[in-house]
Amino acid sequence: MEEDENRVRLWPLRFSRKQMNAYLDKQMNDKDNLTLSPVEKYRKYGKFPFKMILHFILVIIITTQALLIHSTFTRYRRSTSNTFDQVFTPHHYTEDGLITTRDFLTVLNQTVLKYYDFPTKSIEEYGLLYQGEVINPVDMSIDYFSLKSGGDGIIDQFKSQDVYHLDLNSIDGDSVGPFNTSNTKDVISYLEKLTCSFQYKNTAYTIVGKVSYIWNIDVVFDFATHGGKVFIRTESVPQIDPSMESSENDIVIFKIVNGLLFSIAAILLVLGLKRIVLNIILLGRAKQKFNQLDYDSLTRSPYQTWAEIPINIKLKFINLWNLSNVVGNIGIVLATAITLGKSPGISSTEYYRIFIGIGSFISSINMIKYLTYNEKLYTLILTIEKSLSRSARFILSCFPIIFGYVLCGVSLFSEYSEEFSDLSATCETLFALLNGDDIHATFENVESRYPYPVIAKLYLYSFITLFVVAILNIFIFVIESAYLSAKEVLKNKKKKYKTKEEVQEKKYFDFYSLIELIYPKKDKTPLLVDIDHVVGSGGSSINSDVLDINSNVSYTNSSLSSSSSSSSLSPHARNRYRNEFEDLLERMNRFNSKYSNVLNNDLNNNHNNNNNNNNNNNNNSNNNSNNNNNNNNNNNNNNNKYTL
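Numbering that gives the first Met the number 0 numbers the first residue of the sequence shown as 0 and each following residue consecutively.
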């Protein structure tokens, strides 16, 4: 149990905390790990940007898939669907719909006749499917509501369905299936939907190969809205012909692209999860270092405890780019796993399209994170980031106003205009007016049909004046202020802590301020030897440092002279020589610092000794003068005594 608690679980990898910490210590310090770009890490530590290169390759492969695979077979499927729509949907009935039972029966008969007749007249070769030697008929399914009155007079409603098989022998001008001249009107009044289903075979020829398809076609007669109209639409869905051999419908390039996407996305997913775990460890280290700061360091921060630091600053350690990258790679892995071993460009399910679309979208957006290290390129993204919260608050404050216009438009004009028929249509119309689209057409449509044109004009003029003239310009000002704020952030990011008052303000304290506080820059000339020891040693330490510097200078010169014969150096050699030279400069700086300190101490000692000698001489002269005075006094006293 203790072993499990001391380990970090990350499927399919398992790392101990000790191994993670050792890995971080071996690679680079925590500050560089959090702030340097992949290119900067490569230049400073020689760490190859493997994940960044894989990310670029992934985007290139997804782009290749979109250009090659989807543009090839998607165009074919879209064109074929449009062909079936033109053939089986009578376009003179598309907008206004069918009104009479005669029109309905005529179109229904024509649908069955066109099914048998179209393959013989079409430019493309379409084949009918057979059951033995008999052509598959048209399957007509009927969904209808059957109404009956209960014992208490309440209308009971239940749904049922019937299926009919129609061929050339089962239709004529007056009757089709259950519809005949006597009961057609009664049956139609209960209908919800009628669908005619049939299939065609077709082969797609492209630059990457050929594929055999079976097209499932549904001609739908929609009675759900009622109101005396029947609307028609044609739906067509392709599938791979299962009767053909798999090798004939197998295109190798599709499988290669799909396999590459799966492999690279899986690798990036594992690396992304690993990076998140490493960032969590770095967050824990940063917390420990912050709690160990002294009083002088905490005065530079507006937050005195770790708990006071905002969550948005702490989340910078985890890096939301890594989380979004994991989500995008999960989408690509799921999409490619669905079609693994197949050709996704030939038959793509809706699940595949959804997952690959989300994954490719996030993977492409995540390339912005490599621009975050360049301040000029990152201005736009930082502007969007700064404007999100402000724009959300502004939109939230405007929502009651625009929703009031939506409700008013539906209440006033839903009976007279399709543009205000429901909430969704009204929102679309008002959004178009907000962007300056269809203003004249909307005015004309509403004024010509609404019985009170003055109210219609007042409604439209007030909306356009309020939103286009006032609210839209305020929204532009919000974006502009976010841009100025982003420029201010980038400007403050460059400069150091100039004044204590500036640092104390929370608006200036961000993730990079916290990093500078926790990981301050080291002194260029650190004193690694105790000064008292240097002075007491009488300069022996300095002599040893001079010998070390001379040996390093001779070694560096010999290394550079030996390498000068070659025209170029490898990156590792350049890094090694650069590190040796930096170490040499650091030793020389330390030597100069210690030597200057020793000289200062010697001068101070000499000055003190001179002062002591002068004081001693003065004391001796004073003592001698005092002794002479005493002797003179004694002689005078003796003379006086003899005189007496």
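Virtual Cβ for every residue (Gly too), placed ideally from N, Cα, C.
*asked:* Please return the same chain residues whose Cβ sits closer than 6 angstroms to the Cβ of L333, not counting the five positions on each side in sequence.
replied: As a working mapping, residue 333 is identified with position 334 in the sequence shown. Correct list, in chain order: F354.
*Over the uninterrupted beta strand (DSSP E) stretch that includes V219, give me the two end residues.*
Counted from its first residue, the sequence shown places residue 219 at position 220. Element bounds for V219: 208–221.
*asked:* Rounded to the nearest angstrom, what separates I401 and T73 at their Cα positions?
replied: To locate residue 401, count along the sequence shown from 1; it is residue 402. To locate residue 73, count along the sequence shown from 1; it is residue 74. Those two C-alpha atoms are separated by around 39 angstroms.
_8 angstroms Cβ cutoff met for L104 and S362_ = Stepping through the sequence shown from its first residue, residue 104 is reached at position 105. Stepping through the sequence shown from its first residue, residue 362 is reached at position 363. In this structure, S362 does not lie closer than 8 angstroms to L104 by Cβ.
*Cβ contact check for the region 301–312 and the region 30–44: 3 or more pairs under 8 angstroms*: In the pairwise beta carbon analysis, the region 301–312 is classified as not touching the region 30–44: fewer than three pairs are separated by under 8 angstroms.
*When the Cα atoms are used, what is the spatial distance from S562 to M27?*
In the sequence shown, counting from the first residue as 1, residue 562 sits at position 563. In the sequence shown, counting from the first residue as 1, residue 27 sits at position 28. With a pLDDT of 45 at S562, under the threshold of 50, the predicted position of this residue should be treated as unreliable, though the coordinate-derived value follows. So the alpha carbons of these two residues sit roughly 28 angstroms apart.
*Taking only the alpha-carbon atoms, compute the straight-line gap between F474 and I52 and give it to the nearest angstrom.*
Sequence index remark: in the sequence shown, residue 474 carries index 475 (1-based). Sequence index remark: in the sequence shown, residue 52 carries index 53 (1-based). Between F474 and I52, the alpha-carbon positions lie close to 39 angstroms from each other.
*Closest by CA to R352, which one among P452, T338, S121?*
As a working mapping, residue 352 is identified with position 353 in the sequence shown. Selected option, being the one with the closest Cα: T338.
_Backbone CA spacing between L165 and V326 [nearest angstrom]_ = Position 166 of the sequence shown, counting from 1, holds the residue named residue 165. Position 327 of the sequence shown, counting from 1, holds the residue named residue 326. Their Cα atoms are separated by approximately 50 angstroms.
*Taking the CB atoms as reference points, tell me whether D161 and I187 lie closer together than 8 angstroms.*
Reading the sequence shown from its first residue, position 162 is the one you call residue 161. Reading the sequence shown from its first residue, position 188 is the one you call residue 187. The Cβ-Cβ distance between D161 and I187 does not fall below 8 angstroms.
_Helix, strand or coil for I438? Go by DSSP, reduced to three states._
In the sequence shown, counting from the first residue as 1, residue 438 sits at position 439. I438: helix per DSSP, three-state reduction.
*Close Cβ partners of F178 (< 7 angstroms) along its chain, the five nearest in sequence each way excluded*: Here the question's residue 178 lines up with position 179 in the sequence shown. In chain order, L104, V186 place their CB closer than 7 angstroms to the CB of F178, counting only its own chain and leaving out the 5 sequence neighbours on each side.
*Between E417 and the rest of its own chain, which residues show a CB-CB distance below 8 angstroms, the 5 nearest in sequence each way excluded?*
Your numbering for residue 417 matches position 418 in the sequence shown. A424.
*asked:* Residues in the same chain with beta-carbon distance under 6 angstroms from G538, minus the five sequence neighbours each way, listed in chain order, please.
replied: In the sequence shown, counting from the first residue as 1, residue 538 sits at position 539. Here the model assigns G538 a pLDDT of 47, short of 50, so the residue's position is not dependable, and the following value carries that caveat. Excluding positions up to five away in sequence, the list is empty.
*Is K209 buried or exposed, if buried means 16 or more other CB atoms sit within 10 Å of its CB?*
By 1-based counting over the sequence shown, the position of residue 209 is 210. Burial call: exposed.
*What do you get for V453, buried or exposed, if any count of 16 or more other CB atoms within 10 angstroms of its CB means buried?*
Counting from 1 along the sequence shown, the entry for residue 453 is found at position 454. Flag for V453 reads exposed.
*Since I514 contacts T34 with CB under 8 angstroms, what's their CB separation in whole angstroms?*
As a first step, residue 514 must be located in the sequence shown, where it is residue number 515. As a first step, residue 34 must be located in the sequence shown, where it is residue number 35. Between T34 and I514 the Cβ distance is about 6 angstroms, and since that is below 8 angstroms, they are a contact.
_If contacts are defined as beta-carbon pairs under 8 angstroms, then F220 and I213 qualify, I think. What distance do you get, rounded to the angstrom?_
Start at 1 with the first residue of the sequence shown, and residue 220 comes out as number 221. Start at 1 with the first residue of the sequence shown, and residue 213 comes out as number 214. About 23 angstroms separates the CB atoms of F220 and I213; that is not less than 8 angstroms, and the two are not in contact.
_Let me check understanding here. Comparing Cα to Cα, which of Y511, D31, S413, K50 lies closest to Y44?_
Locating residue 44 in the sequence shown gives position 45, counting from the first residue. Considering only Y511, D31, S413, K50, the residue with the shortest C-alpha distance to Y44 is D31.
_Checking 8 angstroms against the spacing of the C-beta atoms, do V251 and Q64 come in under that value?_
On the sequence shown, position 252 is the one that residue 251 refers to. On the sequence shown, position 65 is the one that residue 64 refers to. No.
*Which value, in whole angstroms, describes the spacing of the CA atoms of L66 and D95?*
Position 67 of the sequence shown, counted from the start, is the residue given in the question as residue 66. Position 96 of the sequence shown, counted from the start, is the residue given in the question as residue 95. Near 39 angstroms, if we compare the C-alpha coordinates of D95 and L66.
*Taking the alpha carbon of V229 as the point to measure from, which residue in E191, K200, L406 has its own alpha carbon closest?*
Translated into the one-based positions of the sequence shown, residue 229 becomes position 230. Residue E191 is the option with its Cα nearest to V229.
_Just to confirm, is the Cβ distance from Y199 to Y125 under 8 angstroms?_
The residue you call residue 199 lines up with position 200 of the sequence shown. The residue you call residue 125 lines up with position 126 of the sequence shown. Taking 8 angstroms as the cut-off, the beta carbon of Y199 is found closer than this to the beta carbon of Y125.
*Is the beta carbon of T233 sitting closer than 8 angstroms to the one on D84?*
Within the sequence shown, numbered from 1, the residue matching residue 233 stands at position 234. Within the sequence shown, numbered from 1, the residue matching residue 84 stands at position 85. Judged by beta-carbon spacing, D84 lies within the 8 angstroms limit of T233, meaning their Cβ atoms are closer than that value.
*Inter-residue Cα distance where the pair is G86 and E123*: On the sequence shown, residue 86 is found 87 positions in, with the first residue counted as 1. On the sequence shown, residue 123 is found 124 positions in, with the first residue counted as 1. A small fix is needed here, since residue 86 is Val in this sequence, not Gly. Straight-line Cα distance between these residues: approximately 13 angstroms.
*So T378 and L483 are in contact, right, with Cβ under 8 angstroms, and what is the actual spacing, rounded?*
Counting from 1 along the sequence shown, the entry for residue 378 is found at position 379. Counting from 1 along the sequence shown, the entry for residue 483 is found at position 484. Distance from T378 to L483 at the Cβ level is roughly 11 angstroms; contact not present, criterion being Cβ atoms closer than 8 angstroms.
*Take N135 and list the residues in its own chain whose beta-carbon comes closer than 6 angstroms to its own, dropping the five residues that flank it on each side.*
The residue given as residue 135 occupies position 136 in the sequence shown. The residues are L128.
*Hey, how far is the Cα of P519 from the Cα of D436?*
As a first step, residue 519 is located in the sequence shown; it is residue number 520 there, counting from the start. As a first step, residue 436 is located in the sequence shown; it is residue number 437 there, counting from the start. Going by the C-alpha atoms only, they are around 56 angstroms apart.
*For G150, count neighbouring C-beta atoms within 10 Å of its own C-beta (all shown protein chains included) and say buried if the count is 16 or more, exposed if not.*
What you label residue 150 is simply residue 151 of the sequence shown in a count that begins at 1. Its pLDDT being 45, under 50, G150 is placed unreliably by the model, and the measurement read from it follows with that caveat. Burial call: exposed.
*asked:* Excluding the 5 residues flanking F261 on each side, which residues of the same chain have their C-beta closer than 7 angstroms to its C-beta?
replied: Your numbering for residue 261 matches position 262 in the sequence shown. Same-chain partners within the cutoff: V332, T335, A336, L339.
*asked:* At a threshold of 7 angstroms, does R299 count as lining the ligand ADP (C-beta to nearest heavy atom)?
replied: The ligand ADP is not among the ligands present in this structure, which contains no ligands whatsoever.
*Rounded separation between Y511 and F289 - CA only*: For the purposes of this step, residue 511 is taken as residue 512 along the sequence shown, with counting starting at 1. For the purposes of this step, residue 289 is taken as residue 290 along the sequence shown, with counting starting at 1. In this structure, the alpha-carbon of Y511 lies about 14 angstroms from that of F289.
*asked:* Once the 5 residues before and after Y372 are set aside, which same chain residues still bring their CB inside 6 angstroms of it?
replied: Mapped onto the sequence shown, residue 372 falls at position 373. Correct list, in chain order: S36.
_Could you tell me the alpha carbon to alpha carbon distance between I216 and M139, rounded to whole angstroms?_
As a first step, residue 216 is located in the sequence shown; it is residue number 217 there, counting from the start. As a first step, residue 139 is located in the sequence shown; it is residue number 140 there, counting from the start. A direct Cα-Cα distance of roughly 12 angstroms separates I216 from M139.
_Here's the rule I'm using: 16 or more other beta-carbon atoms within 10 Å means buried, otherwise exposed. How should N168 be labelled?_
Reading the sequence shown from its first residue, position 169 is the one you call residue 168. Residue environment: N168 is assigned as exposed (fewer than 16 neighbouring CB atoms within 10 Å of its CB, all protein chains considered).
_If distances are taken between C-alpha atoms only, which option among L281, G258, S480 comes closest to I383?_
Sequence index remark: in the sequence shown, residue 383 carries index 384 (1-based). Of L281, G258, S480, the residue nearest in Cα terms is S480.
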